[in-house]
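In my numbering, the protein residues as written are 4 to 380. See structure below.
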């Protein structure tokens, strides 16, 4: 009997120990799946993640849930969201296809801050990023349920920060209603209505007033999610994150022109007037809008990157003049051969004291000149 009890106790202790190990492993996996802060770390990536507020916005979130929130539905999936994704790509390709012809691009010289020509794979990457932004809006901003699970009862999730405007939600639901059923290729009226809704929705995203709370913007909240590397679920490198921001800016500028041209064709004013309005009110570093915030982020990332290059330069003894030339090329503040309309537009716009918005204004004016020259608007 004593031997039996002894054996029973040993087995019981083994089961408890084994269960504890399993629980410990599960807890460790759970902990690794959560985004951690930098309270215990000192790395070069910390400052820009802290200054942008990204680390606080995503802290405590499950990495697999972040990935799920921005994952595009499979092409085989017959859902409203998948149809919206497909319709978005068609709209973006149409917006790009009606912009430049080779002869007009060449007339503006080699240095151009906004280049409409990209490699096919780059197009796919840029357009897919825009599609993922809409997917994130649908699941996080427009959803009726939480997309992210809470780490604790008092956890604050992205859904608690993000505040889409009533107009954004209204236009999004109208676009979803139009996309609910597949639109025949010959139904130009419904196709045009859907494109108009998508463009209107993007303009509402870009022009949202964020005030002092940057992450009330669904677009900026989405950008914060891009800081997690999909393959390893670690923090994305500074340069790669900056590339994502560049892609967002490229898509936004493309859609700004597309919207402005459509408005002129509809008798709602001149394209350049719309462009100037967007530049002055929504695309400056001093304004509290998503694009204003992204411009500030990019300047911060450029500064951090430049400082890192500066330290490397010192270690290898490179000359300061070479660094200066590299910096000039990186920022792209060069001379541009502008057409007559773009020159008069820039001359009438007070952008001379703001290099970043000057570059954006240059790119927009160049695009407007090319469009007007092609007879599209």
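Even for Gly, the Cβ is constructed at its ideal location relative to N, Cα and C. The model shown is predicted, which means the values in this text are computed figures rather than measured ones.
What do you reckon, are the CB atoms on residue 213 and residue 79 nearer than 8 angstroms? no
Tell me, please, whether the region 243 to 260 touches the region 154 to 164 by the rule of three or more beta-carbon pairs shorter than 8 angstroms. No: fewer than three Cβ pairs fall under 8 angstroms.
Could you check the C-alpha separation between residue 252 and residue 146 for me, to the nearest Å? 26 angstroms
In whole angstroms, what is the alpha-carbon distance linking residue 98 and residue 52? 33 angstroms
Enumerate in chain order the residues of its own chain whose CB-to-CB distance from residue 272 is below 7 angstroms, with the five nearest sequence positions on each side excluded. 266
I'd like to confirm the pairing. Which residues does DSSP put opposite residue 238 in its beta bridges? DSSP links residue 238 through a beta bridge to 231.
Can you give me the C-alpha to C-alpha distance between residue 309 and residue 50, rounded to a whole angstrom? 14 angstroms
Are the beta-carbon atoms of residue 75 and residue 88 separated by less than 8 angstroms? yes
Return the chain-ordered ranges of every alpha helix (DSSP H) run that is complete within the region 114 to 163 and spans a minimum of 4 residues. 123 to 139
In or out: residue 55 buried (at least 16 other Cβ within 10 Å) or exposed? With 16 or more other Cβ atoms inside 10 Å of its own Cβ, residue 55 counts as buried.
Inter-residue Cα distance where the pair is residue 133 and residue 191: 24 angstroms
Is residue 71 buried or exposed, if buried means 16 or more other CB atoms sit within 10 Å of its CB? Around the C-beta of residue 71, fewer than 16 other C-beta atoms lie within 10 Å, and the residue is accordingly described as exposed.
To the nearest angstrom, how far is it from the Cα of residue 189 to the Cα of residue 268? The straight-line gap from Cα to Cα measures roughly 22 angstroms.
What whole-angstrom Cβ distance do residue 195 and residue 57 have, given they're in contact under 8 angstroms? At roughly 38 angstroms, the Cβ-Cβ gap does not stay under 8 angstroms, so residue 195 and residue 57 are not in contact.
Residue environment, residue 170, which counts as buried when at least 16 other CB atoms sit within 10 Å: exposed
Mapping the DSSP letters down to three states, classify residue 251 as helix, strand or coil. In the structure shown, residue 251 sits in a helix (DSSP, three-state: H, G or I).
Residue 216 to residue 235, Cα distance in whole Å? 30 angstroms
Beta-carbon proximity check, residue 285 vs residue 210, cutoff 8 angstroms: yes
Between the CA atoms of residue 208 and residue 293 - distance to the nearest angstrom: 8 angstroms
When 124, 81, 157 and 138 are compared against residue 63, the one with the closest alpha-carbon: Ranking 124, 81, 157 and 138 by Cα distance to residue 63 puts 157 first.
Beta carbon of residue 248, beta carbon of residue 205: below 8 angstroms? Taking 8 angstroms as the cut-off, the Cβ atoms of residue 248 and residue 205 do not count as close.
Test item: CB-CB of residue 182 and residue 83 under 8 angstroms: Result yes, Cβ atoms of residue 182 and residue 83 sit closer than 8 angstroms.
Of the residues 136, 298, 254 and 220, the one placed nearest residue 166, counting alpha carbons only: Ranked by Cα distance from residue 166, the options 136, 298, 254 and 220 are led by 220.
Can you tell me which of 150, 201, 233 and 193 puts its alpha carbon nearest to the alpha carbon of residue 175? Minimum Cα distance to residue 175 is reached at 201.
Is the beta carbon of residue 86 closer than 8 angstroms to that of residue 148? no
Using the beta-carbon count (16 or more within 10 Å), is residue 198 buried or exposed? buried
If distances are taken between C-alpha atoms only, which option among 130, 228, 307 and 120 comes closest to residue 61? Nearest option by C-alpha distance: 228.
Excluding the five sequence neighbours on either side, which residues of its own chain have a C-beta within less than 8 angstroms of the C-beta of residue 303, listed in chain order? Hits under 8 angstroms: 51, 54 and 55.
How would you call residue 91, buried or exposed, if buried means at least 16 neighbouring beta carbons within 10 angstroms? buried
Just the C-alpha distance for residue 232 and residue 239, rounded to the nearest angstrom, thanks. 5 angstroms
Cβ-based burial, residue 180 [other Cβ within 10 Å; buried from 16]: exposed
Check whether the Cβ atoms of residue 136 and residue 223 sit closer than 8 angstroms, and answer yes or no. No, the Cβ-Cβ distance between residue 136 and residue 223 is not below 8 angstroms.
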